[in-house]
Amino acid sequence: MKTEKRGGRIGKKLFQLLPRKQKTGFVLILLILAVSAVLSQITPLAIGYLTDHVLAGPAEGFLSVFPILGGILLVNVINEVLKVARRLMVEDAATQAEKRARQRAADSLLLAPMSYFRSHMTGNIHGRLNRSLEGTVKLIKLLFMDFAPAVSTGLAAVVTIFLQLPVSVACLVILVIPAGTAIVFRQISTQKGIRVELMETKADMDGAMVELLGGMETIRTLDSAGAEGERIGARSEKLRKKEMRHHRAMAFYDCLKFINEAVFSVLVIGISVFLASRQIITVGTVLTAYLCFTQLTGPLRELHRILDEFSECVVLADDYFRLLDLPVDFSYREGEGQTDHAAGDEDIFLRHVNFAYPEKTDREVLTDINLYIPSGTFLGIAGPSGCGKSTLIRVLDKLEQAGGEICIGGKPLSSFSREALADMIALVPQTPFLIADTVEHNICYGMKRPVSLEEVKEAARKANMADEIEKLPGAYDFRLSEGGKNFSGGQRQRIALARIFLRKPRILILDEATSALDNTSEKRIQAEIEKMNERDKTTVISIAHRLTTLRNCHELIVMDRGRIVQRGTFSELENQPGLFRDMARGIVR
């Protein structure tokens, strides 16, 4: 019952993936299937007729065979043309469904909570997505290119058998259907669990491989290729054993299916010959009955395969729809009084802000944070690793949901849409996100207005990257590799910093954004950022372990274990006992 309900639920969702044109087209597909099934029965009936009325007659009667043969040829040609038309219609529907399914999956993942990506490996998600998409599309093809034709042809064969044989004998012959179907359903029920297990194991393997590919330099430096190969080999062996257990069971059930068909084939031939010897039926009817039986066992054999693959595809499609059902991240949910634009200044208030990751609610990362950042302030944030600095700015940018009160320009952070925050705030992380595209497109990434090449060049100049870009083959048309791996760490950071000079945000957040830069580049970029702060009154919030980067900040806060433990100017904190002075002097607590 659960399987039927799940199948019905998935079928309904699958149908919703199809455009309206393809939905109405399935009516025509079903009509073609019905006509094709009827046409497929003409050949067995014609052979039976030839046997009884032509071949058993005088030699000159053989001439009458040719019109019948021509009719058989014509019927088969028409049938094949109909099959081609049906296939093209189904393929069109499948490709349309795949396009929409991929788009919906991408939309769902792009809006998923950040906690989902912390708890799942990237390769795991990628592998699941690809396999589930493949299974979902295959499900459509199975239904209309395999399952429906097999059922319609089988039904037509059953009708022909009942018309040609005595009812009692026909009923005995078609017992092959329930017997074969019972074997298939037993096969499906026993193998469903292992299919899910295999799918999850393969997703884990994908995650492990993507993880390794992302760390090739480290693996090579540490000469751990052998150890990693053994680790993958051990996982592969576990997967192989699971697959062999599955294949042994499949081989056993395939054997049962063959024996079932063989028994009923002998039964059909034996009964037909016996009836013909008693002149209850003709020799032609024997041939027709056997040919119809093969038309019945052919689809039944396909039905075994189809239902087996169908069961696997249902598991994959179910996984796909689970991806679609991921909750939407809180930052995209529309609340009451949501605003698209900030009004007035951008003063930032944090009152009694607390935060713990949803995966570890018993461990607070931020505790009772109270902070006022006037609009146009240059605020520095210092503290040891793991003290909550990056978490604080993620909370400010509405990437994590915290308790307490956070306001920007007098409005609650929860009232700002994601679009409004993107227009107002720019966050430059320590590890920038670069795409496999040109330098120009990477600098323009995220811009919602047309940008001229001159603007891009000016942004690159401010990021101290213009001269290096001009020396590249194609200059701003030079293509970066995946993740910008053909650039150095400092170059990648400067591309990300060029974006903020192009965007000119009202609030700029820097999370170790200059950590990979040489001193010269850092000083030049720092000067440009300070100009933004002074000239444009841009609020700048900067995290840096290199404390000299924060020397010109208007105010500094020092964090430790999720709390603000010190605040003041650089010179004040440098000269008073406390964590900041210890850090400046290199004293480890």
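Going by my numbering, the first residue of the sequence shown is number 76, and it counts up by one from there.
Backbone N, C-alpha and C define an ideal beta-carbon position, used for all residues, glycine too.
Source: prediction; values computed, not measured.
In the structure shown, the three-state DSSP call for Gly268 is helix. Residue pairing from DSSP places Cys482 in a beta bridge opposite Phe424, Pro487. Minimum Cα-Cα distance from Arg310 among the listed residues Met280, Ser299, Ala326, Val285 corresponds to Met280.
Excluding residues up to 5 positions away in sequence, Glu630, Leu631, Gln651 lie with their Cβ nearer than 8 Å to the Cβ of Gly643 in the same chain.
Shown here for Arg177: same chain residues with a beta carbon closer than 7 Å to its own, the five before and five after excluded, namely Leu208 in chain order.
In this structure, the beta-carbon distance from Ile575 to Ala501 falls below 7 Å.
Closest in C-alpha terms to Phe655, from the list Glu557, Asn445, Pro459, Ser492, comes Pro459. Non-local beta-carbon contacts of Asn561 in its own chain, meaning distances under 8 Å to residues more than five positions away in sequence, involve Leu555 in chain order. At least 7 Å separates the beta-carbon of Ala534 from that of Ile510. Taking 8 Å as the upper bound for CB-CB distance, Phe101 and Phe219 are in contact here, some 7 Å apart. Pairing Thr197 with Met284, the inter-Cα distance amounts to about 10 Å. Taking 7 Å as the cut-off, the Cβ atoms of Ala231 and Ala324 do not count as close. Remark: three or more beta-carbon pairs, one from each stretch, lie closer than 8 Å, so the region 181-188 and the region 398-405 are flagged as touching.
For Leu454, the enclosing beta strand (DSSP E) has its first and last residue at 453-457.
For Tyr124, the uninterrupted alpha helix (DSSP H) segment begins and ends at 117-125. Beta-carbon to beta-carbon, Lys317 and Leu273 are separated by about 6 Å, close enough to satisfy the 8 Å threshold. Within the same chain, Cβ atoms closer than 7 Å to the Cβ of Thr452 are found at Thr614, His629, Glu630, the five residues on either side in sequence being excluded.
Distance check between Arg569 and each of Val156, Val233, Ser590 places Ser590 closest, using alpha-carbon atoms only. Residue state for Asn445 is assigned as strand, using DSSP reduced to three classes. Residue nearest to Tyr520 within the set Ala571, Cys462, Tyr124 is Ala571 (criterion: CA-CA distance).
Scanning its chain for C-beta atoms nearer than 7 Å, with the 5 sequence neighbours on each side dropped, one finds around Pro433 the residues Ser190, in chain order. Sequence-distant partners of Ile85 (beyond 5 residues in either direction) whose C-beta falls short of 7 Å from its own C-beta, in its chain, are Val389, Ala392, Asp393, Phe396.
Within the same chain, and ignoring the five residues on either side of Met634 in sequence, the residues whose Cβ sits closer than 6 Å to its Cβ are Gly458, Cys462, Gly463, Lys464. By the Cβ-count criterion, Thr623 is exposed, with fewer than 16 other Cβ atoms from all chains shown falling within 10 Å of its own Cβ. Note: Leu585 is bridge-paired with Val503, Ser617 in the DSSP secondary-structure output. Of all C-beta pairs linking the region 116-123 to the region 366-384, three or more are shorter than 8 Å, placing the two stretches in contact. Counting only residues of its own chain and dropping the five nearest sequence neighbours on each side, Leu585 has a CB closer than 6 Å to the CB of Val503, Ser617. Here DSSP, grouped into helix, strand and coil, assigns Met522 to coil. With fewer than 16 other CB atoms across the displayed protein chains lying within 10 angstroms of its CB, Leu528 is exposed. Considering only Arg636, Ala659, Gly637, Ser492, the residue with the shortest C-alpha distance to Glu647 is Ala659. Secondary structure at Thr513: strand, using DSSP grouped into helix, strand and coil. Note that the region 248-261 touches the region 329-349; at least 3 beta-carbon pairs, one per stretch, sit closer than 8 Å. In terms of CA proximity to Asn627, Gln601 leads the group Ala245, Gln601, Gly202.
Setting aside the 5 residues that flank it on each side, Phe339 is surrounded in the same chain by Val251, each with a C-beta closer than 6 Å to its C-beta; the list follows chain order. Where Gly229 is concerned, the enclosing alpha helix (DSSP H) starts and stops at 223-239. Per DSSP, reduced to three states, the secondary structure at Asp611 is coil, with no helix or strand assignment.
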